[in-house]
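Report on the following structure.
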Amino acid sequence: MIAQLGLGFLLVLTTAGASAEDKSTPKLTRFDFAETHMGTSFNTVLYTEDEATARSASQAAFARIAALDAILSDYQPESELMRLCRQAGGPPVPVSDPLFTVLARAKAVYEQSDGAFDVTVAPVVRLWRRARRDQKMPDSDRLAEALALVGSDKLRLNPRAKTVQLTRPRMKLDLGGLAKGYAADEALRVLKSKGVTRALVAGAGDIVVGDPPPGRDGWTIGVAALNPGKDVPRRYVSLSNAAVSTAGDAEQFVEIDGKRYAHIVDPRTGLGVVNRSNVTVFARDGLTADSLDTAIYVLGPARGLPLVESTEGAAALIVRSSPKGEETIESRRLGQIRPAQPMTNEKPVLSRP
Numbered sequence: 002m003i004a005q006l007g008l009g010f011l012l013v014l015t016t017a018g019a020s021a022e023d024k025s026t027p028k029l030t031r032f033d034f035a036e037t038h039m040g041t042s043f044n045t046v047l048y049t050e051d052e053a054t055a056r057s058a059s060q061a062a063f064a065r066i067a068a069l070d071a072i073l074s075d076y077q078p079e080s081e082l083m084r085l086c087r088q089a090g091g092p093p094v095p096v097s098d099p100l101f102t103v104l105a106r107a108k109a110v111y112e113q114s115d116g117a118f119d120v121t122v123a124p125v126v127r128l129w130r131r132a133r134r135d136q137k138m139p140d141s142d143r144l145a146e147a148l149a150l151v152g153s154d155k156l157r158l159n160p161r162a163k164t165v166q167l168t169r170p171r172m173k174l175d176l177g178g179l180a181k182g183y184a185a186d187e188a189l190r191v192l193k194s195k196g197v198t199r200a201l202v203a204g205a206g207d208i209v210v211g212d213p214p215p216g217r218d219g220w221t222i223g224v225a226a227l228n229p230g231k232d233v234p235r236r237y238v239s240l241s242n243a244a245v246s247t248a249g250d251a252e253q254f255v256e257i258d259g260k261r262y263a264h265i266v267d268p269r270t271g272l273g274v275v276n277r278s279n280v281t282v283f284a285r286d287g288l289t290a291d292s293l294d295t296a297i298y299v300l301g302p303a304r305g306l307p308l309v310e311s312t313e314g315a316a317a318l319i320v321r322s323s324p325k326g327e328e329t330i331e332s333r334r335l336g337q338i339r340p341a342q343p344m345t346n347e348k349p350v351l352s353r354p
């Protein structure tokens, strides 16, 4: 079976080419589950001895994702994140471990990317959400006001006290660039705690995998081209105990006065990114992959690839539009990822966010 899981990925699950299984090991069966969380479809694929074990473990994983959504969401008015934002301009606020973990990672990538990744961009993102609905540019005065609130240098974290302070009134946070990757990490951790190690968790463009399916070296994942609904994947790779995430504008963008703007905003300029590309990052965990792909997407290849090269265990594949067609750019470590071959006689089963 081939299942498309969100932006940029095709998960290919086949039995062809499987190695011989140890007859002394229990027979494992594949089970698939899906639930909607964080505004998208989360999928779990796991191998267990029986359906009851699979269903119980998957329900626990989805419950963890739901709990994280109640912490990290910028759509739920009473999420912990939104309660924190309502205290912007006030004193430091004690926060939960998950929120502090995500914000600490966000601040680190902000510093590493010279501001290309910035969770304080939320006021600008809200203007662009309205711009996509209205099909017109954000008002310049309102954009300038929103930009004045942007900058993670205004976000203060105290690791010892586990407190967060938004130093300017009306500051807002948007964790869309890394929350799903972290949620996938946590869901896989829950599955492993239930004894299910051969598992995959996917939420939109974020995929985290554990041990490989029985008899295989890894989970086969295809990285799509710029038009994932039309074009065949650029390549297939085999992954285990790793994560992969894609950022791009294939599905979310707006055209205004003949110019295409991505839904991803450059926090430094307040404008949607205009250079068409998909950035796929492979890393050891979903939180790292999810944050890096957005940063590299905003930075572009010249400045983005050094960022991934400086991150241990990470690699990147960039597919971008050029006057000559699609151009592929690879990071140095991409060659260390095992290639894979898909089945050619299987009809894709599409599962979009």
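Residue numbers (the working numbering): 2 to 354.
For each residue, glycine too, the CB sits at the ideal point set by N, CA and C.
Straight-line gap, residue i to residue j (C-alpha atoms, nearest Å)
i, j, result
"residue 190", "residue 165", "26 Å"
"residue 239", "residue 134", "39 Å"
"residue 33", "residue 83", "33 Å"
"residue 302", "residue 290", "16 Å"
"residue 174", "residue 334", "32 Å"
"residue 273", "residue 241", "34 Å"
"residue 86", "residue 172", "7 Å"
"residue 163", "residue 327", "45 Å"
"residue 149", "residue 281", "31 Å"
"residue 307", "residue 147", "30 Å"
"residue 73", "residue 217", "35 Å"
"residue 246", "residue 178", "10 Å"
"residue 340", "residue 248", "21 Å"
"residue 279", "residue 52", "37 Å"
"residue 202", "residue 286", "12 Å"
"residue 259", "residue 116", "28 Å"
"residue 138", "residue 265", "15 Å"
"residue 337", "residue 209", "18 Å"
"residue 438", "residue 200", "The chain is shown from 2 up to 354; residue 438 falls before or after that span and cannot be answered."
"residue 227", "residue 79", "37 Å"
"residue 316", "residue 332", "6 Å"
"residue 255", "residue 136", "7 Å"
"residue 60", "residue 188", "10 Å"
"residue 130", "residue 28", "49 Å"
"residue 196", "residue 292", "28 Å"
"residue 90", "residue 57", "43 Å"
"residue 211", "residue 198", "6 Å"
"residue 311", "residue 237", "24 Å"
"residue 167", "residue 92", "8 Å"
Residue i in three-state terms, based on DSSP
i, result
"residue 341", "coil"
"residue 29", "coil"
"residue 193", "helix"
"residue 1", "In the structure as shown, the chain begins at 2 and stops at 354. Residue 1 is therefore absent and cannot be evaluated."
"residue 131", "helix"
"residue 173", "coil"
"residue 179", "coil"
"residue 199", "coil"
"residue 211", "coil"
"residue 223", "strand"
"residue 187", "helix"
"residue 317", "strand"
"residue 336", "helix"
"residue 312", "coil"
"residue 205", "coil"
"residue 241", "coil"
"residue 123", "helix"
Which listed residue (the options) has its alpha carbon closest to that of residue i
i, options, result
"residue 68", "181, 216 and 260", "181"
"residue 204", "50, 284, 66 and 56", "66"
"residue 30", "176, 97, 213 and 170", "213"
"residue 250", "262, 210, 132 and 244", "262"
"residue 313", "330, 268 and 243", "243"
"residue 185", "158, 63 and 81", "63"
"residue 169", "121, 269 and 200", "121"
"residue 329", "277, 299 and 341", "277"
"residue 98", "269, 106 and 259", "106"
"residue 161", "95, 192 and 294", "95"
"residue 320", "337, 220 and 298", "298"
"residue 295", "316, 267, 311 and 271", "267"
"residue 304", "38, 118 and 89", "118"
"residue 158", "265, 316 and 101", "101"
"residue 88", "332, 156 and 138", "156"
"residue 323", "275, 342 and 293", "275"
"residue 224", "342, 79 and 103", "342"
"residue 151", "143, 125, 129 and 59", "125"
"residue 220", "41, 42, 48 and 36", "48"
"residue 103", "60, 70, 317 and 127", "70"
"residue 42", "206, 215, 292 and 269", "206"
"residue 76", "269, 325, 283 and 176", "176"
8 Å Cβ cutoff, residue i in contact with chain B
i, result
"residue 60", "Chain labels in this structure do not include chain B; a single protein chain is all it has."
* Start-end ranges of the alpha helix (DSSP H) lying completely within the region 41 to 119, minimum 4 residues -> 52 to 73, 81 to 86 and 98 to 113
* Asked: Taking only runs of the alpha helix (DSSP H) that begin and end inside the region 132 to 157, which ones reach a length of at least 4 residues, in chain order?
  -> 141 to 148
* Inside the region 276 to 306 only - beta strand (DSSP E) runs reaching at least 3 residues -> 278 to 284
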